[in-house]
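Undergrad: Quick one: the structure is below, and I'll ask about it shortly.
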Amino acid sequence: MSILQKWKRNIQLLLTHPDRNRVCHPVQQEQGSALVMVMFVVLILTVLGLAVLSATVGGAKRTETRENDVQSLHLAQKSLDETVAYITAQLDQKRNIDPVSLDADILNITQQVQNQINTDIKTSTDLQASGAGPSQARLMSIVYKGPEKGTTSQLTRYALTLTAQANVNGVIRTLVQEVNIDTFPEFLSYALGSEHNLILNGAPNVIGNIYAGNSLLTSRTARYTYKAANHTQSTQYPHLNGDAYVQSLDAIQEEKVMNQYTPINMDATLANDSLGRVLGISLEQVNIKNKKKFVQVNMDQTFIDKIAEAVSVNRNDIQTMYNSSNQNPAQLMTDVAKRYGIKQLTLPTKPATPVRPAVGAPSTEWDQYNAAVAAMQSYEEQMAKLKVTLATLDQSVVFNGDLELDGVTFNQLNYAQKAGKWFLLNGSLTIDNYQQSSINIRANMLTAGNVTIHGEADLDATIYVMKTPSNATDYTTVLQDATIKGLNGKEVVLLSKGGILLNRIEAFSSTPTTIKGFFYTEAAADLYGVGSVFWLDGGFFAKGDLTVNAVVGDAVGGASDIEVNPSSNVGSRFRVTYNESVYADQQAGLPRIQQVNVRVGKLELK
220 MSILQKWKRN IQLLLTHPDR NRVCHPVQQE QGSALVMVMF VVLILTVLGL AVLSATVGGA
280 KRTETRENDV QSLHLAQKSL DETVAYITAQ LDQKRNIDPV SLDADILNIT QQVQNQINTD
340 IKTSTDLQAS GAGPSQARLM SIVYKGPEKG TTSQLTRYAL TLTAQANVNG VIRTLVQEVN
400 IDTFPEFLSY ALGSEHNLIL NGAPNVIGNI YAGNSLLTSR TARYTYKAAN HTQSTQYPHL
460 NGDAYVQSLD AIQEEKVMNQ YTPINMDATL ANDSLGRVLG ISLEQVNIKN KKKFVQVNMD
520 QTFIDKIAEA VSVNRNDIQT MYNSSNQNPA QLMTDVAKRY GIKQLTLPTK PATPVRPAVG
580 APSTEWDQYN AAVAAMQSYE EQMAKLKVTL ATLDQSVVFN GDLELDGVTF NQLNYAQKAG
640 KWFLLNGSLT IDNYQQSSIN IRANMLTAGN VTIHGEADLD ATIYVMKTPS NATDYTTVLQ
700 DATIKGLNGK EVVLLSKGGI LLNRIEAFSS TPTTIKGFFY TEAAADLYGV GSVFWLDGGF
760 FAKGDLTVNA VVGDAVGGAS DIEVNPSSNV GSRFRVTYNE SVYADQQAGL PRIQQVNVRV
820 GKLELK
């Protein structure tokens, strides 16, 4: 019975007692109940206090353990970062990387790191572990897996495994990280890119990553030239299905006023909206990449490498010859052919067509006619032999003069095994094919002149166009109404010292024609998907500015400008889809780079 109930009962007895005027004293056994109540309350408060104290102490202990755990992970990662930084710094000291000697270089660096591990070098922080001295971390091991061979004998990828351990107040954590080193030219990592400005005017559709070495400029207005006049067309913003690699967040800018670009709003609450509007991406898809870390291409040094590979001589000898020729690719090919006896091919000179003498003509005219017939027969035999030779190449050769593949006289240029073998063209290459069948090229080529492609060609090739342009606007590579398919599922990688022009005379069709390949130019470049439909399966990279202009919808040529119908079912008239198989397909012919690429993998907690 509770105290309240007891007092209620006593009051009832008092009210019902016959002598209510007399004082009623509580019964003897009710004395001291208030003291019991007080002691009970004190006990409850004591228990609660102890519980709170225990929770506080336990929470503090858990907090300390968690802090130790976080700190140990931080220290282990710091040790890995320091090791990667050391490896990168050692490799950055080397310029014009030679993939053949890189294996020995990495092995030497690995041994240096291993020596540091053996001397028990640790990483420390200002955090002091209670009773245990400073917190420490150390690299436990570095394992070099050696070079990974691709589809050819050329070694281009190298893998390291780093393991680091940290100890903070007895909390030990171990992290493992993969480090990949490769000699792939970085421009092949992007669907579109520029070492300077990447300018996206209008609505190009990019499926893959993009890179801007200076600024990434976006606009809703496409520019184009029609009937010798400059025009603009309002359309949608670009759409990117991939990541954007830029120098800073402020480098991403939009055109709000014609020809005036301002950084987009990167406020924490508005960044995703801004990026979604101008590129169709989120902040997570933006990566900061310092241009100093960009792995550049050195075409002159690559040219020397490939010539040396073609004739199997020391590249230093070729370097000396190249310098003596005033760095003239055509002269170097001539000198190499003379000095090293490489096989030479030459297009025979076509004689005059024989004209049959009239009946009764002098014997001298018949003698001349017979000589002309014999000369023509000899020419045709030489051409037939040359056609077979070009279709069954098995060694490096020098072709003197211009070469035209028209689908009739010559319809293929083929190496059964092209790794380590080079077709040195001391002239210009023209593919002019309007036949029903395609022209096939499977070769690694060095071209001293221009390259022009018309019509359909199936390519599995790496082509270097080494002609230096006469001016900044000179195109040394022209693809006009070209349809380039991959031969046996492969593609073309074309690198040009001069500008690259991709043009379509048959404009205003909404049926896409695809070009399969990667293109690199040391100049600036302009690409269009306004009147024509431009679909590229591969990528395009410029050392100068790369400008892309594109609209959405059907396009029809009007009296003075191009009329665009954005409500049609036709999407963007410019689309680039990145093709990652290029590394494996063309690695034997890929260019020399000025520094290696160091990529770190995800952290793994052991």
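Count the sequence shown with this note's numbering and you get residues 220 to 825, in order. Where a beta carbon is used, it is the ideal one built from N, C-alpha and C, also for glycine. Quick caveat, the model's predicted, so the values are computed rather than measured.
1) With DSSP collapsed to three states, give me the class of A422.
2) Quick one: using the 10 Å Cβ neighbour count with 16 as the cut-off for buried, is I812 buried or exposed?
3) Confirm, please, whether the CB-CB distance from G412 to I429 is below 8 Å.
4) How about A295 and T393: are their beta carbons less than 8 Å apart?
5) Under the three-state reduction of DSSP, which class applies to N433: helix, strand or coil?
6) Taking just the CA atoms, how far does D586 sit from Y653?
7) If I measure Cβ to Cβ from Q333 and keep anything under 8 Å in the same chain, skipping five residues before and after, which residues do I get?
8) Below 8 Å on the Cβ atoms is my guess for Y797 versus G758; work out the distance and round it to an integer in Å.
9) What runs of the beta strand (DSSP E), each 3 residues or longer, lie entirely inside the region 446 to 471?
10) Under the rule that 16 or more other beta-carbon atoms within 10 Å means buried, what is S779, buried or exposed?
11) Span of the beta strand (DSSP E) holding S597?
12) With a threshold of 16 other CB atoms inside 10 Å of the CB of K762, please say whether the residue is buried or exposed.
13) List the endpoints of the continuous alpha helix (DSSP H) containing L566.
14) Can you tell which of V260, V516, L299 and K364 has the C-alpha that lies nearest to the C-alpha of A827?
15) Helix, strand or coil: how does DSSP classify S656 here?
16) Please name the residue in H673, L678 and L648 whose C-alpha comes closest to that of N659.
17) Which residues share a DSSP beta bridge with F760?
18) Using the rule of at least 16 other Cβ atoms within 10 Å of the residue's Cβ for burial, across every protein chain shown, is S273 buried or exposed?
19) From which residue to which residue does the alpha helix (DSSP H) around E528 run?
20) Between the C-alpha atoms of L665 and Q520, what's the straight-line distance to the nearest angstrom?
21) Where do the N-terminal and C-terminal ends of the beta strand (DSSP E) with N484 fall, by residue?
22) S800: buried (16+ other C-beta within 10 angstroms of its C-beta) or exposed?
23) Quick one: grab the DSSP three-state call for G708.
24) Tell whether a beta-carbon distance below 8 Å holds between S438 and E474.
25) How far does the beta strand (DSSP E) with I672 in it reach, from first residue to last?
26) With distances taken from CA atoms, which of A448, G432, D486 and Y683 is nearest F464?
27) Do you know offhand how far Y445's Cα is from T696's?
28) Please determine if the region 524 to 542 and the region 716 to 735 are in contact, where contact requires at least 3 C-beta pairs separated by less than 8 Å.
29) What do you get for Q814, buried or exposed, if any count of 16 or more other CB atoms within 10 angstroms of its CB means buried?
30) Determine the DSSP secondary structure at D621, reduced to helix, strand or coil.
31) Of the choices G674, F513 and A304, whose alpha-carbon is the least far from that of Q466?
32) Going by beta-carbon coordinates alone, are M552 and L622 separated by less than 8 Å?
33) Check whether the region 729 to 747 touches the region 381 to 388, counting contact only when three or more Cβ pairs, one atom from each stretch, lie closer than 8 Å.
34) For D345 and I336, what's the separation of their Cα atoms in angstroms?
35) If you draw a straight line from the alpha carbon of V271 to that of V425, how long is it in whole angstroms?
36) With a threshold of 8 Å, are at least 3 pairs of Cβ atoms found where one atom belongs to the region 479 to 486 and the other to the region 452 to 461?
TA: This is what the structure gives:
1) The answer is coil: DSSP assigns A422 none of H, G, I, E or B.
2) Its Cβ being crowded by 16 or more others within 10 Å, I812 is buried.
3) Cβ distance < 8 Å, so I429 and G412 count as in contact.
4) By the CB criterion at 8 Å, A295 and T393 fall inside the cutoff.
5) Assigned with DSSP and collapsed to three states, N433 falls in coil, not helix or strand.
6) Here the C-alpha atom of Y653 lies approximately 39 Å from the C-alpha atom of D586.
7) Non-local beta-carbon contacts of Q333 in its own chain, meaning distances under 8 Å to residues more than five positions away in sequence, involve I361 in chain order.
8) Correct: roughly 6 Å between the Cβ atoms.
9) Runs of the beta strand (DSSP E) inside the region 446 to 471: 448 to 453, 458 to 460 and 463 to 465.
10) A residue is called buried when at least 16 other Cβ atoms come within 10 angstroms of its Cβ; S779 does not meet this threshold and is exposed.
11) Looking at the DSSP string, S597 is not in any beta strand (DSSP E); the run it does join, the alpha helix (DSSP H), is S582 to A610.
12) When all chains shown are included, K762 counts as buried.
13) For L566, there is no enclosing alpha helix (DSSP H), as DSSP gives it neither H nor E.
14) With the chain covering 220 to 825 only, the question about residue 827 has no answer from this structure.
15) DSSP, read as helix, strand or coil, puts S656 in coil.
16) Ranking H673, L678 and L648 by CA distance to the CA of N659 puts L678 first.
17) G412 and Y739, per the DSSP bridge assignment.
18) With fewer than 16 other Cβ atoms inside 10 Å of its own Cβ, S273 counts as exposed.
19) It spans M518 to V530 - the alpha helix (DSSP H) in which E528 sits, taken as one unbroken run.
20) L665 and Q520: Cα-Cα distance of roughly 13 Å.
21) Unbroken run through N484: none, as it is neither H nor E.
22) In the assembly as shown, S800 is an exposed residue. Its beta-carbon has fewer than 16 other beta-carbons within 10 Å.
23) In the three-state reduction of the DSSP assignment, G708 falls in the helix class, which pools H, G and I.
24) Yes.
25) Looking at the DSSP string, the run of the beta strand (DSSP E) that includes I672 is V670 to V684.
26) Rather than Phe, the amino acid found at residue 464 in this sequence is Tyr. The shortest Cα separation from Y464 among A448, G432, D486 and Y683 belongs to G432.
27) The straight-line gap from Cα to Cα measures roughly 22 Å.
28) Using a C-beta cut-off of 8 Å, the region 524 to 542 makes no contact with the region 716 to 735, since fewer than three inter-stretch Cβ pairs fall below that distance.
29) Counting Cβ neighbours within 10 Å, Q814 comes out buried, since at least 16 surround it.
30) Looking at D621 - three-state DSSP - the assignment turns out to be coil, as it is neither helix nor strand.
31) Looking only at G674, F513 and A304, the smallest Cα-Cα distance to Q466 is reached by F513.
32) No, the Cβ-Cβ distance between M552 and L622 is not below 8 Å.
33) In this structure the region 729 to 747 does not touch the region 381 to 388; the number of beta carbon pairs closer than 8 Å is below three.
34) Note that D345 scores 42 on pLDDT, short of 50, meaning its location in the model is unreliable and no value can be drawn from it.
35) When rounded, the distance between both Cα atoms is 59 Å.
36) Touching, no, given that fewer than three Cβ pairs across the two stretches are closer than 8 Å.
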